[in-house]
Structure formats: structure tokens, C-alpha cells
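In the numbering used here, the protein residues as written are 36 to 461.
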């Protein structure tokens with residue numbers, strides 16, 4: 036930890052599992068925060084997801100960097116005293132406990148702020164603090180379905196919608212949580228008081244659709260209303276989901292996604308291009324040797340659309356006839372945004388990623404050598420740096436309790452009575 040790091044001297048007490056809160060805490064740890072992670076005696080859920088090396092998995096290593104884990108039975112009679120000792124040294128509490136559980140343990144902001152007016156409590160819920168769904172449990176896949184994100188992304192298998200790839204609303208939520216905590220800490224420097232930071236997976240999923248979630252009433256109101264009426268009838272009639280999805284309204288310009296802002300199949304793979312401006316579209320036409328009459332602004336709108344299908348078919352045939360290397364080289368030379376479509380595994384050893392330190396190489400005493408993403412941000416040279424790899428589960432219990440001020444006798448009693456779990460001392 037360096038005094039150049041923005042969160043140096045800040046202690047975070049994390050009650051998180053899965054993705055949003057643990058990764059949010061990791062973002063703070065990379066900025067110098069000390070993160071004490073409270074886990075069940077058997078370890079949090081991501082320690083049990085996928086292949087295990089001892090008590091760690093890929094999922095745990097990927098989003099718990101910089102944490103010092105304390106296995107604590109929150110319902111144990113001795114847990115309250117241990118929490119009090121920890122909270123006295125804590126600046127930030129992070130939670131994504133089941134609805135209502137934080138209040139049961141006295142970890143909600145209203146309770147904590149009475150005793151610790153400088154404390155900041157960051158809380159993640161699935162659907163927000165209010166409303167008919169506020170008390171419901173939810174995870175990324177469920178929230179993607181609820182929010183429209185699943186439908187917008189268009190993933191489908193056997194005619195049914197699926198959430199493909201990474202739990203993106205979780206990671207967006209983690210970033211919002213860290214941003215909220217940083218904002219609260221900044222405000223505390225001038226006001227001396229803490230605060231309550233709330234965000235949700237639902238808001239995160241909506242932000243990821245920001246460009247689509249706007250309705251200009253004069254232009255879109257009737258279209259949206261008509262679609263919703265049609266959708267209700269389609270569902271009542273038992274119309275398959277895939278057909279319902281094909282009618283989903285979009286604010287994207289049809290000819291843009293048909294020709295200029297899309298992926299193309301090449302002879303050996305696929306590429307993606309982005310030509311949203313007229314200048315870039317003209318450059319693309321020069322590279323492929325085609326003519327797009329619709330780039331003439333004087334051409335009537337209806338005549339432009341009539342030409343789209345023929346031009347789309349021509350350009351698709353051209354891309355399919357040559358290799359990805361061929362087209363990537365020519366398009367880059369013309370200054371057109373382009374990239375071959377890569378698979379995630381290809382990025383771990385990617386030259387561009389390596390040049391920018393996007394990955395780090397580490398060792399874990401149980402998992403061995405591994406490669407994972409580095410810090411998400413840079414602040415000068417040392418503001419953010421990848422925090423240490425988590426120590427083996429249960430190995431830091433005594434050190435954490437000692438740091439919190441418990442005596443050797445109290446620590447031994449907590450271990451013996453099952454309030455905490457700890458490895459045997461050397």
C-alpha cells in the first residue's frame with residue numbers, strides 16, 4: 036500500500052458473495068483499501084462454483100483480490116462482539132445479503148450510523164429498495180430477464196432467450212458501487228459524515244441499454260403503445276418467443292446495422308466494422324469498390340431503403356471471398372474501425388493486452404500459477420495496483436481478530452466455540 040493510492044488507510048468490511056460486492060471491493064483494494072471479507076464458516080458461494088483447488092476456484096480468484104477472509108458464523112452468540120471490534124476500525128461496509136438480512140444483523144445504515152456517524156454503507160439489491168419487487172431475491176440472469184437486457188442482447192437457444200457470456204449487470208453494478216463509495220469518501224472529507232450508497236442490478240442492467248431506453252413521445256409513443264398491445268395479443272395466442280422478439284422495436288437505424296455497423300463473415304472467420312458517420316461510410320465504399328447512392332443526401336428516404344438489400348448482399352459476398360487478415364489490413368489502412376472477432380481465451384496472451392498490463396501473473400499456494408485481469412484503472416504510476424492474491428481460507432483468522440483488538444484468550448475462545456474458523460497455528 037502506498038500513500039499515492041486513493042484508498043490508502045481505508046478499511047472495508049465486506050459481506051459479499053458471487054460478483055457485484057466482491058468485485059466492487061476488489062476495485063477498492065486495488066486502490067489501496069484494506070478489505071476484510073466476512074464469509075460463512077464453509078466459505079462464500081463462489082468458493083464452491085466450478086473446479087476447486089483446496090478452498091479456491093477460478094471464480095473466487097478472479098474477483099476477491101486483496102481480501103482478508105474471516106470465516107464468521109453471524110448467528111453465533113459471540114459474533115456480535117467480534118463484529119463490534121471490526122466495525123470500530125471500519126470506514127466502509129459493503130453488503131449484498133438477502134433482503135432484510137442486513138437489518139437483522141444490525142448492518143444496515145440506519146443502525147450503524149447511530150454508532151458510527153462517519154461510516155459509509157454500500158448496499159446492492161437485485162431490484163432496488165422500494166416497490167413491489169424490492170424484497171425479492173435475484174441474480175444476474177434473473178435481472179437480465181426482468182430488465183429487457185436478455186431480450187436486447189438477442190441470445191437464443193432452441194427458440195428461447197438466454198443470458199450469454201459474462202454476468203454483465205453484476206460487473207456494471209460493481210463499478211457503480213465502487214464509484215458510489217469513492218464519492219461518499221470524498222464527501223466525508225469536507226462534511227465529516229458518512230452516508231448510504233445504494234445501487235441495484237436492475238439499474239445496472241438498464242444502464243447497459245441506455246441508448247435504447249429513451250422514448251421521445253411525439254415520435255415513439257404511438258409505436259411503443261402499438262407494440263405493447265400487439266405483444267399482449269401475441270402472448271395470449273401462444274406465439275413463440277422468437278417471433279415475439281423479431282417484432283421488438285429498436286431506435287437503431289435499420290440501414291446502419293444492415294450495412295455499416297455490424298459483423299461480416301470472412302473466408303476464415305468474422306470481422307466487426309463500425310462506420311456510423313457519413314465520412315466513414317464513404318471510406319468503406321472506396322475500400323470495397325462499391326457505390327452507395329443513398330450517401331447522396333438529396334436522394335429521397337424511400338429510395339434509399341429500396342437500395343439497401345442489394346448493397347448488403349454485395350458487400351457480404353465481398354467480405355466472404357477474402358480472409359480476415361486481408362480485410363482487417365485494408366480497413367485499418369483506410370482508418371475504418373475494425374477488428375477480427377476473437378474468442379475470450381485469445382485475449383489472455385494478446386499482445387495489445389500485454390502492452391497495457393491488462394493481465395497479471397500470480398501464484399496461489401493451492402491453485403498454483405494463474406493469469407487474471409489486472410487493475411481496471413490507472414492513476415499516475417502507483418494509484419491503482421493489483422492487490423495481493425487472497426491467502427488460503429481460514430489462514431488469516433487469528434491475525435484479523437488480533438488486528439481488531441481481541442486478546443489471545445478471546446481469539447482462542449472464538450475458535451474453540453465455533454464462532455470463527457481458523458487453521459491450526461504453526
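Cβ coordinates follow ideal geometry from the N, Cα and C atoms, glycine included.
Hey, would you say residue 184 sits closer than 7 Å to residue 243, going by beta carbons?
-> By 1-based counting over the chain shown, the position of residue 184 is 149. By 1-based counting over the chain shown, the position of residue 243 is 208. In this structure, residue 243 lies closer than 7 Å to residue 184 by Cβ.
C-beta atoms of residue 318 and residue 369 nearer than 7 Å | Position 283 of the chain shown holds residue 318. Position 334 of the chain shown holds residue 369. Going by C-beta atoms, residue 318 is nearer than 7 Å to residue 369.
Could you have a look at residue 160 and say whether DSSP puts it in helix, strand or coil?
-> As a position in the chain shown, residue 160 is number 125, starting the count at 1. Residue 160 falls in the strand class under three-state DSSP.
If you check the beta carbons only, do residue 53 and residue 97 fall under 7 Å apart?
-> Translated into positions along the chain shown, residue 53 becomes position 18. Translated into positions along the chain shown, residue 97 becomes position 62. No, they are not a contact pair.
Within 10 angstroms of its Cβ, does residue 401 collect 16 or more other Cβ (buried), or is it exposed?
-> Taking the chain shown and counting its residues from 1, one reaches residue 401 at position 366. Exposed, by the Cβ-count rule.
Thinking C-beta only, is residue 456 closer than 7 Å to residue 134?
-> To locate residue 134, count along the chain shown from 1; it is residue 99. To locate residue 456, count along the chain shown from 1; it is residue 421. No, Cβ-Cβ distance for residue 134 and residue 456 is not below 7 Å.
Count the other C-beta atoms from every protein chain shown that fall within 10 angstroms of the C-beta of residue 265, then say buried if there are 16 or more, exposed otherwise.
-> Taking the chain shown and counting its residues from 1, the one referred to as residue 265 is at position 230. Counting Cβ neighbours within 10 Å, residue 265 comes out exposed, since fewer than 16 surround it.
Could you tell me which uninterrupted beta strand (DSSP E) segments, each at least 3 residues in length, are contained entirely in the region 380-428, listed from first to last along the chain?
-> 394-399, 403-408
If residue 60 sits next to residue 45, beta carbons under 8 Å apart, how far is it from one beta carbon to the other, in whole angstroms?
-> One-based indexing of the chain shown puts residue 60 at position 25. One-based indexing of the chain shown puts residue 45 at position 10. Contact flag wrong, Cβ pair sits at about 11 Å.
Are the Cβ atoms of residue 422 and residue 100 separated by less than 7 Å?
-> In the chain shown, residue 422 corresponds to position 387, counting from 1. In the chain shown, residue 100 corresponds to position 65, counting from 1. In this structure, residue 100 lies closer than 7 Å to residue 422 by Cβ.
With 16 as the cutoff for other CB atoms within 10 Å, does residue 38 come out buried or exposed?
-> Translated into the one-based positions of the chain shown, residue 38 becomes position 3. That one is exposed.
So, do the region 377-388 and the region 70-77 have three or more beta carbon pairs nearer to each other than 8 Å?
-> no
Touching or not, the region 109-121 and the region 202-213, by the rule of three or more beta carbon pairs under 8 Å?
-> no
Can you tell me the Cβ-Cβ gap for residue 155 and residue 251, rounded? I've got them flagged as a contact below 8 Å.
-> Along the chain shown, one-based indexing puts residue 155 at 120. Along the chain shown, one-based indexing puts residue 251 at 216. With a Cβ gap of about 38 Å, residue 155 and residue 251 do not count as contacting.
Pairwise C-alpha distance: residue 295 and residue 305 | Within the chain shown, numbered from 1, the residue matching residue 305 stands at position 270. Within the chain shown, numbered from 1, the residue matching residue 295 stands at position 260. Looking at the two C-alpha atoms, the distance is approximately 15 Å.
Verify whether the separation of the beta carbon atoms of residue 92 and residue 84 is less than 7 Å.
-> The residue you call residue 92 lines up with position 57 of the chain shown. The residue you call residue 84 lines up with position 49 of the chain shown. For residue 92 and residue 84, yes; Cβs fall inside 7 Å.
Which parts of the region 70-122 are runs of the beta strand (DSSP E), unbroken and 3 residues or longer, counting only runs that do not cross its ends?
-> 102-106
Inter-residue spacing [alpha-carbon to alpha-carbon] between residue 343 and residue 330 = By 1-based counting over the chain shown, the position of residue 343 is 308. By 1-based counting over the chain shown, the position of residue 330 is 295. Cα-Cα distance, rounded: 11 Å.
Compare the beta carbon distance of residue 365 and residue 322 with 7 Å and say whether it is the shorter of the two.
-> To locate residue 365, count along the chain shown from 1; it is residue 330. To locate residue 322, count along the chain shown from 1; it is residue 287. Yes, they are a contact pair.
Chain-order list of residues whose beta-carbon lies under 8 Å from that of residue 65 (same chain, five-residue window excluded) = Along the chain shown, read from residue 1 onward, the residue named residue 65 stands at position 30. Closer than 8 Å at the Cβ level, and outside the excluded window around residue 65, lie 100, 101, 410, 411, 412, 419, 420, 421, 422.
Excluding the 5 residues preceding and the 5 following residue 125 in the sequence, name in chain order all residues of the same chain whose CB lies nearer than 6 Å to its CB.
-> Within the chain shown, the letter at position 90 stands for residue 125. Once the five neighbours on either side are set aside, the close Cβ partners of residue 125 are 46, 48.
Give a yes or no on whether the C-beta atoms belonging to residue 51 and residue 142 are separated by under 7 Å.
-> In the chain shown, counting from the first residue as 1, residue 51 sits at position 16. In the chain shown, counting from the first residue as 1, residue 142 sits at position 107. For residue 51 and residue 142, no; Cβs fall outside 7 Å.
Are the beta-carbon atoms belonging to residue 424 and residue 399 less than 7 Å from one another?
-> Position 389 of the chain shown, counted from the first residue, corresponds to residue 424. Position 364 of the chain shown, counted from the first residue, corresponds to residue 399. Yes, these two residues count as a Cβ contact at 7 Å.
What distance in whole Å lies between the Cβ atoms of residue 301 and residue 357, which are believed to be in contact at a cut-off of 8 Å?
-> Residue 357 sits at position 322 when you count from the first residue of the chain shown. Residue 301 sits at position 266 when you count from the first residue of the chain shown. About 7 Å separates the two Cβ atoms, so the contact holds.
Sorted by chain position, which residues of the same chain lie with C-beta nearer than 7 Å to residue 452's C-beta, five sequence neighbours on each side aside?
-> Your numbering for residue 452 matches position 417 in the chain shown. Hits under 7 Å: 113.
According to the Cβ coordinates, are residue 219 and residue 230 closer than 7 Å?
-> Here residue 219 is taken as the residue at index 184 of the chain shown, counted from 1. Here residue 230 is taken as the residue at index 195 of the chain shown, counted from 1. It is a contact, given that the beta carbons lie within the stated cut-off.
Counted within 10 angstroms of its Cβ, other Cβ atoms place residue 283 as buried (16 or more) or exposed = Start at 1 with the first residue of the chain shown, and residue 283 comes out as number 248. Result: exposed.
Nearest to residue 138 (by Cα), restricted to the options 153, 110, 152, 162 = Within the chain shown, numbered from 1, the residue matching residue 138 stands at position 103. If we check each option's Cα against that of residue 138, 110 comes out closest.
Tell me, please, which residues DSSP counts as bridged to residue 233.
-> In the chain shown, counting from the first residue as 1, residue 233 sits at position 198. In the DSSP output, where bridge partners are listed per residue, residue 233 has 158.
Can you pull the DSSP bridge partners for residue 469?
-> For residue 469 there is no data in the structure shown, the boundaries of the chain being 36 and 461.
Whole-angstrom distance between residue 406 and residue 437, CA atom to CA atom = Looking up residue 437 in the chain shown gives position 402. Looking up residue 406 in the chain shown gives position 371. C-alpha separation (whole angstroms): 32 Å.
Which listed residue (270, 255, 371) has its alpha carbon closest to that of residue 312 = Residue numbering aside, residue 312 sits at position 277 when the chain shown is read from its first letter. Residue 312 has its Cα closest to that of 371, out of 270, 255, 371.
Where does residue 451 fall in DSSP's three states?
-> Walking along the chain shown from the start, residue 451 turns up at place 416. The answer is helix: DSSP assigns residue 451 an H, G or I state.
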